[in-house]
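Numbering (the working numbering), first residue to last: 762 to 843. Each remark here refers to the structure printed beneath this line.
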């Protein structure tokens with residue numbers, strides 16, 4: 762699925778499960794140079810256990826638009842929205 766974060770198209774895999782607001786959620790965030798596919802097996806596992814799964818592609822990675830952020834501080838700012 763795609764959504765917009767700070768004006769950029771952002772990709773998020775959900776582990777082939779559906780999103781249900783009544784379920785608990787698991788969020789996976791990859792490291793530099795990687796993408797959501799790092800968490801394919803874990804995402805599927807948690808989706809089968811009836812968790813909402815969000816495996817996000819950070820800016821400039823995988824299927825997300827934008828420029829890759831170059832510091833942990835910038836990544837933290839992107840992840841924690843005001």
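Glycine is no exception: its CB is placed at the ideal position from the N, C-alpha and C atoms.
Q | At least three beta-carbon pairs within less than 8 Å, the stretch 809 to 826 to the stretch 763 to 773 | A | yes
Q) What residue from 772, 782, 835 and 831 has the CA that sits closest to residue 789's CA? A) 772
Q) So, are the CB atoms of residue 708 and residue 814 less than 8 Å apart? A) There is no way to answer for residue 708, as the model of the chain reaches only from 762 to 843.
**Q.** residue 829 beta carbon less than 8 Å from that of residue 821
**A.** For residue 821 and residue 829, yes; Cβs fall inside 8 Å.
Q | Cα-Cα separation between residue 818 and residue 782, rounded to whole angstroms | A | 22 Å
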